[in-house]
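To keep things clear, I will list the structure first and then write my remarks on it.
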């Protein structure tokens with residue numbers, strides 16, 4: 002184990018970036034500062050991944066701009082039309098934190114497995130690289146959740162990396178389909194129990210243990226879902242720690 006001495010995952014339900022007038026595009030929220038602090042580095046190396054958006058150059062440019070003025074060393078990994086670095090595994094192991102954007106989690110995992118990146122991410126996590134991401138970039142570390150990868154009507158998806166042996170819910174308070182489908186999936190046994198996050202809320206795991214939720218929204222919450230014999234599923238609201246700007 003290196004860097005922070007522990008394996009961290011920060012799974013964000015939404016709110017990693019905010020609109021900005023200062024940098025023309027967007028700015029990084031305190032959720033990402035929280036993740037970078039987990040690295041224990043004064044000037045951490047932050048790797049950006051936008052596979053779930055087809056390696057959108059526009060979105061990568063916006064993410065680079067979002068960290069203007071932050072004391073970080075930025076780089077990125079793409080797979081279209083071929084990997085942009087000679088050795089993606091070595092690139093991952095060089096980072097202190099990797100952030101994975103939202104988009105299509107189904108396409109993301111298909112491409113990662115095709116290129117062997119799923120195994121490399123697992124190795125980086127074990128080596129102490131902080132893994133983070135929003136929406137698709139949060140679901141991917143878990144067993145699964147629900148996704149709009151196949152169309153506007155959400156579907157159950159259980160093809161995640163399962164570094165974390167739980168289901169995951171994202172955009173939990175902003176998309177009315179999310180809560181109902183995740184509860185049903187856990188009740189029916191399609192997905193294991195797990196955790197969900199409202200917009201602006203991050204789920205922090207050390208190893209495979211959920212440690213705490215953090216939020217940039219005063220009204221945002223996290224939730225624990227468990228299979229329950231009587232009602233099918235039990236949902237417990239978790240009070241997150243409010244992050245200051």
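Numbering (the numbering used here), first residue to last: 2 to 246.
Note that beta-carbon positions come from the ideal geometry of N, C-alpha and C, so glycine has one too.
None of these values were measured; they are calculated from a predicted model.
Limits of the unbroken alpha helix (DSSP H) element including residue i
i, result
"residue 116", "106-116"
"residue 222", "No alpha helix (DSSP H) contains residue 222, which DSSP labels as neither H nor E."
"residue 94", "89-95"
Alpha carbon of residue i to alpha carbon of residue j, nearest angstrom
i, j, result
"residue 28", "residue 213", "24 Å"
"residue 165", "residue 69", "32 Å"
"residue 199", "residue 193", "19 Å"
"residue 30", "residue 20", "10 Å"
"residue 79", "residue 50", "7 Å"
"residue 136", "residue 74", "24 Å"
"residue 100", "residue 18", "12 Å"
"residue 203", "residue 211", "11 Å"
"residue 129", "residue 230", "38 Å"
"residue 3", "residue 40", "Its pLDDT being 40, under 50, residue 3 is placed unreliably by the model, and nothing is read from it."
"residue 149", "residue 34", "28 Å"
"residue 71", "residue 232", "47 Å"
"residue 180", "residue 36", "26 Å"
"residue 153", "residue 177", "12 Å"
"residue 127", "residue 147", "26 Å"
"residue 59", "residue 26", "10 Å"
"residue 54", "residue 82", "14 Å"
Range covered by the beta strand (DSSP E) that runs through residue i
i, result
"residue 216", "210-216"
"residue 198", "195-198"
"residue 203", "202-207"
"residue 233", "233-239"
Integer-rounded CB distance, given that residue j should sit under 8 Å from residue i
i, j, result
"residue 173", "residue 224", "7 Å"
"residue 217", "residue 182", "Wrong, their Cβ atoms sit about 25 Å apart, outside the cutoff."
"residue 144", "residue 163", "5 Å"
"residue 207", "residue 8", "7 Å"
"residue 10", "residue 94", "That pair is no contact at about 16 Å."
"residue 184", "residue 234", "5 Å"
"residue 155", "residue 197", "About 13 Å separates the two Cβ atoms, so there is no contact after all."
"residue 201", "residue 221", "4 Å"
What are the complete beta strand (DSSP E) segments, minimum 3 residues, inside the region 104-187? Entirely contained in the region 104-187, the beta strand (DSSP E) runs reaching 3 residues are, in chain order, 131-135, 146-148, 156-158 and 168-170.
Per the contact definition of three or more C-beta pairs closer than 8 Å, is the region 45-55 in contact with the region 237-244? No: fewer than three Cβ pairs fall under 8 Å.
Per the contact definition of three or more C-beta pairs closer than 8 Å, is the region 139-149 in contact with the region 78-89? As far as the Cβ criterion goes, the region 78-89 does not touch the region 139-149, which means the pair count is below three.
Can at least three beta-carbon pairs, one atom from the region 113-123 and one from the region 56-69, be found at a separation below 8 Å? Contact between the region 113-123 and the region 56-69 is absent, with fewer than three C-beta pairs closer than 8 Å.
Do the region 179-198 and the region 146-165 meet, that is, are 3 or more Cβ pairs less than 8 Å apart? The region 179-198 vs the region 146-165: in contact.
Give the list of continuous beta strand (DSSP E) stretches no shorter than 3 residues that lie fully inside the region 14-85. Taking 3 residues as the minimum length, the beta strand (DSSP E) runs contained wholly in the region 14-85 are 18-20, 27-29, 46-50 and 74-78, in order along the chain.
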